[in-house]
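What follows is a set of notes on a single structure, which appears directly below.
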Amino acid sequence: MIIIKSQQEIAKMAMAGRIVAEILEELKKIIRPGVTTLDLDRHAEEFIARKGARPAFKGYRSYPSAICASINNQVVHGIPSASIVLTEGDIISIDIGVVTDGFFGDAAVTLPVGAISEEAKRLLEVTESALYEGINMALPGRRLSDIGNAVQRYVEQNGYSVVRDFVGHGIGTSLHEEPQIPNFGRPGEGPRLKPGMTLAIEPMVNMGNWAIEILEDNWTAVTKDGSLSAHFEHTVVVTDDKPEILTRIS
Ligand code: MF3
Ligand code: CO
């Protein structure tokens, strides 16, 4: 069942979303060569506490950290570590979730570390635009699979591939609610979207093939072919009009 949120509930989700957006802005400021992914995690955790919120990922299925920090060929779920030092030219995906007043917010961005290659830049641009292609389909009367179809078409037109093994999700009083939101598939299938549905849309895009594998830590997903990967995510609410992005400072 897809839970429709009331205006009061959406206001709470907007609070959670705002905190997520603010942390991502904070982390953007400190990302540079020499910083470790554990530094980023510490910063995020401190910021979340200062806002009176709680990290959503820490403890979720025993995940150890507040953020996921995934570098270069890592797709998602990279565990922050003192031994992972950012280097000029890297790309880093940061995924953050928080819960405040009982409601969750979830977002991710992929950022450059210093100067990056033109091809890496293009991957980030295409992946972020693919997220917006998906968000633009979050309209009342559309069907759920229109989101993934729009993402997939955009990504493949640009010569990249979308990861199949992870999907976006409904979000609310849990990090993951129904429905699952694949980033691929045929249009016009699945439930009709309705105002008050709150969705975390999160394309993961590989420069090469979409196949991934999981490292020995049982979390970190990497591309099988070693190609670069990017990830962008927003929590959005379907309205009578345009979708509203909750994890953006506006
Ligand atoms: N954005 C991801 C998701 O919603 C992050 C989950 S990381 C985990 O699934 F540690 F919480 F699993
Ligand atoms: Co998510």
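Add 6 to the 1-based position in the sequence shown for the numbering used here, that's all there is to it.
From the three backbone atoms N, C-alpha and C, an ideal C-beta is built for every residue, glycine too.
All of these numbers come straight from a predicted model, not from anything done at the bench.
Heavy atom of the ligand MF3 within 7 Å of residue i beta-carbon
i	result
Gly103	yes
Tyr160	no
Phe110	no
His240	no
Tyr166	no
Ala144	no
Leu181	yes
Tyr4	Beyond the ends of the chain as shown, which are 7 and 256, falls residue 4; an answer cannot be given.
Ala217	no
Ala114	yes
Tyr138	no
Phe1	Residue coverage of the chain in this structure runs from 7 to 256, which leaves residue 1 outside it and unanswerable.
Any non-hydrogen atom of the ligand CO within 7 Å of residue i CB
i	result
Ala75	no
Gly120	no
His49	no
Ala23	Looking at the sequence provided, one finds Gly at residue 23 rather than Ala. No, the Cβ of Gly23 stays beyond 7 Å of every heavy atom of the ligand CO.
Ala227	no
His175	yes
Ala206	yes
Cβ-based burial, residue i [other Cβ within 10 Å; buried from 16]
i	result
Gly120	exposed
Thr241	buried
Leu221	exposed
Met7	exposed
Asn212	buried
Thr93	exposed
Phe97	The question names Phe, but residue 97 in the sequence shown is Ile. Buried, because 16 or more other Cβ atoms sit within 10 Å of the Cβ of Ile97.
Ser12	exposed
Asn155	buried
Ser68	exposed
Gln14	exposed
Arg148	buried
Gly65	exposed
Pro86	buried
Ser167	buried
Ile29	buried
Glu239	buried
Glu208	buried
Pro39	exposed
Gln80	buried
Pro188	buried
Residues near residue i by beta carbon distance below 8 Å, same chain, minus five either side
i	result
Thr106	Lys18, Met21, Ala22, Ile25, Lys57, Gly58, Ala59 and Arg60
His182	His175 and Gly176
Leu145	Leu199, Val244, Lys248 and Pro249
Contacts around residue i, its chain only, beta-carbon distance under 6 Å, and the 5 residues preceding and following it disregarded
i	result
Glu129	It is Leu, not Glu, that sits at residue 129 in the sequence shown. Result list for Leu129: Met213, Leu234 and Ala236, in chain order.
Thr245	Pro201
Ala72	Asp47, Ala50, Glu51, Pro61 and Lys64
Arg254	Ala27
Gly194	Arg149
Ile251	His240 and Val242
Beta-carbon contacts of residue i that lie in its chain and below 7 Å, excluding the five residues immediately before and after
i	result
Glu219	Val228 and Lys230
Lys265	Past the boundaries of the shown model lies residue 265; the chain is included only from 7 to 256, so the question cannot be answered.
Leu44	Pro86, Ser87 and Ala88
Arg170	Phe190 and Trp216
Legend entry - Segments assigned alpha helix (DSSP H), at least 4 residues, entirely inside the stretch 81-146: Counting only runs of 4 or more, we get 124-141.
Inset, instruction - Could you tell me which uninterrupted alpha helix (DSSP H) segments, each at least 4 residues in length, are contained entirely in the stretch 22-91, listed from first to last along the chain? - result: Counting whole runs of 4 or more residues, the stretch 22-91 contains the alpha helix (DSSP H) stretches 43-56.
Legend entry - Length at least 4, wholly inside the stretch 148-235: the alpha helix (DSSP H) runs in chain order: For the stretch 148-235, the continuous alpha helix (DSSP H) assignments of 4+ residues that do not extend past its boundaries occur at 151-163, in sequence order.
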